[in-house]
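Q: Just so we're on the same page, this note's numbering is the position in the sequence shown counted from 1, plus 26.
Where is the CB? At the ideal position from N, CA and C, for every residue including glycine.
Take a look at the following structure, please.
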Amino acid sequence: MKIEECQIYEIIKNSLPIGFTLVDKDGIIIDFNPQAEAMTGYLKSEVLAKSHLEILHGTSDREACPLFTYAIQKKQQTVETETTLKKKSGEFITIAATISPLFDKDRRFIGGVELFRDVTELKKLERERKNILPTFAHDMKNPVTTSGGFLSRLLSGKAGPLTEGQKSYLKIIKDELKKLEELIIDFLEFSRFEEKEYKPLKSACNIEENLTNQMEIVRLEADQKNIKFIFEYPEAPVTIIDADCGMINRVISNLLDNAVKYSNPGATVIVRLTDREEDVFVEVIDTGVGISEEHLPYIFDAFYRVSRDSRGSGLGLYIAKTIIEAHGGKIRAISAPGKGSTFSFSLPKMER
């Protein structure tokens, strides 16, 4: 038995798990599927021969409707654009819509089709996730900082003498609080990056001086593992770059911390600075445990950890990548298990 084209059209349209609206070249609704009825609250009979714009968007402003903007005005197709839709009850919902213009066999424009799904709850969950993370982290930061301050006073003997055992326990508590504070700071920075609020405040930045200072800060931890730093830099002064020094220091600190953390006692970490024609190039080279090929493509992703034993939030390299790219530079990693890792980044020079 031959199935007619119109039958196939009806079967597919009515079986779609998403809303379907078909309009003519003037934006008048000429078809509406059951999922569209369920989402909007309108029956097909109530919307046929009505303006898609006015009945489903509650306005005569064509800019409010992607079906008008793309299919009717621009004659273009678009995938997953977000807009609001007005239900029969008067409630507005957020939809993700895919739009296509329709042409006849002679390529004359005859109308458009909109496929749409309700993403209201999904957008709500996204907003809640974005709001709860910075709020939670911020509320934790103050008591952690305060607790650390009182522990420092106790360890200094300002509240009375302590036994060596008491000092040892308090020092462990203070170190663990410090780790927690670093995690909270990572989460706060991550939330700012997610909201696009963290933009570089650029000024003249001496990258050679920054590298030297950050190596001195990390040197105490390096000395505890007998790890040696070698700093290789050009004989001529390196060109000053236009960058947010505080943000670049965060990147350098993260790469140096990781190099020390994952290097074996007695190892050497090489920090190499190269002054190239259009940018400066920094490499941090260690001979530590390395990273396997299966993990390497994902190490700059937020919250990614190479193993469950990994310390930290899993945000350090994500933040480093975001900072470098915000400066117009690039960051990459080369590594092999048992042979160490090389993390490198480039930063454009100041425009002359």
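1) Roughly how far, in whole angstroms, is the beta-carbon of PHE329 from the beta-carbon of SER372, given that I think they are within contact range, below 8 Å?
2) Could you please give me the residues that DSSP links to ALA75 through a beta bridge?
3) Within the same chain, show all residues whose beta-carbon is closer than 6 Å to that of VAL145, passing over the 5 residues directly before and after it, in chain order.
4) In three-state terms, what does DSSP make of ARG331?
5) For ARG176, which residues does DSSP report across the bridge?
6) Could you give the distance in angstroms between the alpha-carbon of PHE142 and the alpha-carbon of LEU343?
7) How many Å lie between PRO187 and LYS193 at the Cα?
8) According to DSSP, is ARG153 part of a helix, a strand, or is it coil?
9) Exposed or buried, which one is PHE129 when buried takes at least 16 other CB atoms within 10 Å?
10) Using a threshold of 8 Å, state whether the C-beta atoms of GLY174 and LEU214 are closer than that.
11) Report yes if the C-beta distance between ARG298 and ILE349 is below 8 Å; otherwise report no.
12) Determine the DSSP secondary structure at ALA262, reduced to helix, strand or coil.
13) Considering just the uninterrupted stretch of the alpha helix (DSSP H) at ILE274, what are its terminal residues?
14) In this structure, does DSSP put GLU309 in helix, strand or coil?
15) Grab me the residues of PRO263's own chain with a C-beta within less than 8 Å of its C-beta, minus the 5 sequence neighbours each way, in chain order.
16) For ASN40, count neighbouring C-beta atoms within 10 Å of its own C-beta (all shown protein chains included) and say buried if the count is 16 or more, exposed if not.
17) If you check the beta carbons only, do VAL310 and PHE257 fall under 8 Å apart?
18) For ASN280, which residues from the same chain have a beta carbon less than 8 Å from its beta carbon, with the 5 sequence-adjacent residues on both sides left out?
19) DSSP beta-bridge partners for LYS375?
20) So which of ILE267, SER115, THR110 has the shortest CA-CA distance to LYS149?
21) If distances are taken between C-alpha atoms only, which option among THR107, LEU48, LYS197 comes closest to HIS78?
22) DSSP on LYS356, reduced to helix/strand/coil?
23) Could you give the residue range of the alpha helix (DSSP H) that holds CYS32?
24) How would you write the range of the alpha helix (DSSP H) that ASP132 sits in, first residue to last?
25) Would you kindly report the start and end of the unbroken beta strand (DSSP E) that includes GLU247?
26) Sorted by chain position, which residues of the same chain lie with C-beta nearer than 7 Å to ILE25's C-beta, five sequence neighbours on each side aside?
27) Please work out which residues of its chain come closer than 7 Å, Cβ to Cβ, to MET273, disregarding the five sequence neighbours upstream and downstream, and give them in chain order.
28) Can you tell me whether PHE118 is buried or exposed, with buried defined as 16 or more other CB within 10 angstroms of its CB?
29) Please state the DSSP three-state secondary structure of ILE198.
30) Tell me the residue span of the beta strand (DSSP E) that contains THR107.
31) In or out: TYR288 buried (at least 16 other Cβ within 10 Å) or exposed?
32) Beta-carbon separation of SER367 and GLY292 under 8 Å?
33) CB-CB under 6 Å to LYS254, same chain, minus the five flanking residues each way: which ones, in chain order?
A: Based on what the coordinates show:
1) Sequence index remark: in the sequence shown, residue 329 carries index 303 (1-based). Sequence index remark: in the sequence shown, residue 372 carries index 346 (1-based). With a Cβ gap of about 26 Å, PHE329 and SER372 do not count as contacting.
2) Residue 75 sits at position 49 when you count from the first residue of the sequence shown. DSSP lists no partner for ALA75.
3) Indexing the sequence shown from 1 puts residue 145 at position 119. Taken in chain order, the residues that qualify are THR120, ALA122.
4) Walking along the sequence shown from the start, residue 331 turns up at place 305. Three-state DSSP puts ARG331 in coil, outside helix and strand.
5) If you number the sequence shown from 1, residue 176 lands on position 150. Looking at the sequence shown, residue 176 is not Arg but Phe. Answer is none; PHE176 lacks a bridge partner.
6) In the sequence shown, counting from the first residue as 1, residue 142 sits at position 116. In the sequence shown, counting from the first residue as 1, residue 343 sits at position 317. Cα-Cα distance, rounded: 37 Å.
7) As a first step, residue 187 is located in the sequence shown; it is residue number 161 there, counting from the start. As a first step, residue 193 is located in the sequence shown; it is residue number 167 there, counting from the start. Rounded to the nearest angstrom, the two C-alpha atoms are 10 Å apart.
8) What you label residue 153 is simply residue 127 of the sequence shown in a count that begins at 1. Note: ARG153 maps to helix in three-state DSSP.
9) Mapped onto the sequence shown, residue 129 falls at position 103. Classification of PHE129: exposed, given that the 10 Å Cβ count is below 16.
10) Here residue 174 is taken as the residue at index 148 of the sequence shown, counted from 1. Here residue 214 is taken as the residue at index 188 of the sequence shown, counted from 1. Not a contact, by the Cβ cut-off of 8 Å.
11) Taking the sequence shown and counting its residues from 1, one reaches residue 298 at position 272. Taking the sequence shown and counting its residues from 1, one reaches residue 349 at position 323. No, Cβ-Cβ distance for ARG298 and ILE349 is not below 8 Å.
12) The residue you call residue 262 lines up with position 236 of the sequence shown. It is coil, neither helix nor strand.
13) For the purposes of this step, residue 274 is identified with residue 248 of the sequence shown, where counting begins at 1. Element bounds for ILE274: 271 to 287.
14) Within the sequence shown, the letter at position 283 stands for residue 309. Strand, per DSSP.
15) Mapped onto the sequence shown, residue 263 falls at position 237. Here the set comprises GLU234.
16) Walking along the sequence shown from the start, residue 40 turns up at place 14. When all chains shown are included, ASN40 counts as exposed.
17) Counted from its first residue, the sequence shown places residue 310 at position 284. Counted from its first residue, the sequence shown places residue 257 at position 231. Not in contact: VAL310 and PHE257 (Cβ atoms no closer than 8 Å).
18) Taking the sequence shown and counting its residues from 1, the one referred to as residue 280 is at position 254. Excluding sequence neighbours, ASN280 sits near GLY342, LEU343, ILE345, ALA346.
19) For the purposes of this step, residue 375 is taken as the residue at position 349 of the sequence shown. ILE267.
20) Here residue 149 refers to the residue found at position 123 of the sequence shown. Taking only the C-alpha atoms, the option nearest LYS149 is THR110.
21) Sequence index remark: in the sequence shown, residue 78 carries index 52 (1-based). Closest by alpha carbon: LEU48.
22) The residue labelled residue 356 in the question sits at position 330 within the sequence shown. Strand at LYS356.
23) Residue 32 sits at position 6 when you count from the first residue of the sequence shown. That run of the alpha helix (DSSP H) goes 31 to 41.
24) Along the sequence shown, one-based indexing puts residue 132 at 106. Counting along the chain, ASP132 falls outside any alpha helix (DSSP H), and DSSP gives it neither H nor E.
25) The count along the sequence shown starts at 1 and reaches residue 247 at position 221. GLU247 -> not in any beta strand (DSSP E); alpha helix (DSSP H) instead, spanning 233 to 250.
26) The requested residue 25 does not occur in the structure, where the chain is confined to residues 27 to 378.
27) By one-based count along the sequence shown, residue 273 stands at place 247. Cβ neighbours of MET273 beyond the five flanking positions: PRO226, ILE349.
28) Here residue 118 refers to the residue found at position 92 when the sequence shown is read from its first residue. Its Cβ having fewer than 16 others within 10 Å, PHE118 is exposed.
29) If you number the sequence shown from 1, residue 198 lands on position 172. Helix at ILE198.
30) Reading the sequence shown from its first residue, position 81 is the one you call residue 107. From DSSP, the beta strand (DSSP E) with THR107 extends over 104 to 112.
31) Here residue 288 corresponds to residue number 262 of the sequence shown, with the count starting at 1. Buried, by the Cβ-count rule.
32) For the purposes of this step, residue 367 is taken as the residue at position 341 of the sequence shown. For the purposes of this step, residue 292 is taken as the residue at position 266 of the sequence shown. It is not a contact, given that the beta carbons lie outside the stated cut-off.
33) In the sequence shown, the residue the question calls residue 254 occupies position 228. Excluding residues within five positions, the ones whose Cβ falls inside 6 Å are THR294.
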